[in-house]
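Participant: Residue numbers (our numbering): -16 to 318. Yeah, the Cβ is synthetic: ideal placement off N, Cα and C, and Gly gets one too. Treat the numbers as computed from the prediction; the structure is a model and nothing was measured.
(1) Jot down the residue ranges of each uninterrupted alpha helix (DSSP H) in the segment 102 to 156, minimum 4 residues, whole runs only, in chain order.
(2) Under a Cβ-count criterion, where at least 16 other Cβ atoms within 10 Å of its own Cβ denotes burial, should residue 290 be classed as buried or exposed?
(3) Excluding the five sequence neighbours on either side, which residues of its own chain have a C-beta within less than 7 Å of the C-beta of residue 228, listed in chain order?
(4) Please give the ranges of any alpha helix (DSSP H) in the segment 162 to 208, keeping only runs that are unbroken, at least 4 residues long and fully inside the region.
(5) Taking the C-alpha atoms as reference points, what is the distance between residue 5 and residue 27?
(6) Identify the continuous beta strand (DSSP E) that holds residue 160 and give its terminal residues.
(7) Pick out whichever of 241, 267, 225 and 242 has its Cα sitting closest to the Cα of residue 37.
(8) If you reduce the DSSP assignment to three classes, tell me which class residue 303 lands in.
(9) With H, G and I counted as helix, E and B as strand and the rest as coil, what does DSSP make of residue 8?
(10) DSSP three-state call for residue 22: helix, strand or coil?
(11) Here's the rule: buried if 16 or more other CB atoms are within 10 angstroms of the residue's CB, otherwise exposed. What is residue 141?
(12) Taking a contact to mean a Cβ-Cβ separation below 8 Å, would you say residue 33 touches residue 18 in this structure?
(13) Buried or exposed for residue 121, going by 16 or more other Cβ atoms inside 10 Å?
(14) I'd like the list of long-range same chain contacts for residue 188, defined as Cβ closer than 6 Å, with 5 residues on each side in sequence excluded.
(15) DSSP state of residue 95, grouped into three classes?
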């Protein structure tokens, strides 16, 4: 991996140059929350944020999108892919690791061309962060990103320590060489010390050893009813989760009954309709079943691969104040 230093006074010029790679989005404070929004300059960004409400997956998995229009009479269909380019600035390590997990789902084996196109047309600029009391990414090993980004910025006193993580990132760094400097030994020491102190800031821990077995063995646990009774079943945990990816496909047919559009829209496993199938049957009719399924889904994707990155969003934005880590600790018998 290669490294350069970006002086703070050159950040605005750097962001301006990034616009050649697409629309630039960065974290903006809106009320008490943060959101990735299109920015005009670096001064609009609040890089000292803990988490955005909606994760960066929104750039690659749309809440709702039209994938094609069709005309039965003509026997034709036309895909309606958006091919815009995007630069996402200020992505935290947990969200970068979440995108890597999404890549395994959407790009391995049978690639999803809609997701693939958006990923290929995107530039990911990572940014280091500081945890709050809801972050448990350290327990999952997702509090540091070793890859999955084009450039990654770590704040120094007088600039940014920049890690170059891809060929695209290397091209961006080369094109902006007049704005950067070579890294000095003092910059490296400052970077190392900052990361060491950051590791000490984490206070929330989650024991993930054997978590898949633990969840299987707790299938009939009373804990699920305890928290299901509090749950509104609103699905906010799915919306804010950086790794939730269930979707539904629907056809909207025009009045001529011969033409229309096919839509793909994100779904929520916490909603009753998620388990509704033909004939009026529902394979998860109760909130207990849906809550238990969500925790089992997060706890095991594949062997040694969890479906969670410890960002804390599901806890922070739950209107019922259901604490994700607390639930798992109760299931394990630690509380």
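Facilitator: Judging by the given coordinates:
(1) 120 to 123
(2) buried
(3) 44, 85 and 88
(4) 168 to 183 and 194 to 200
(5) 17 Å
(6) Counting along the chain, residue 160 falls outside any beta strand (DSSP E), and DSSP gives it neither H nor E.
(7) 225
(8) coil
(9) strand
(10) coil
(11) exposed
(12) no
(13) buried
(14) 122
(15) coil
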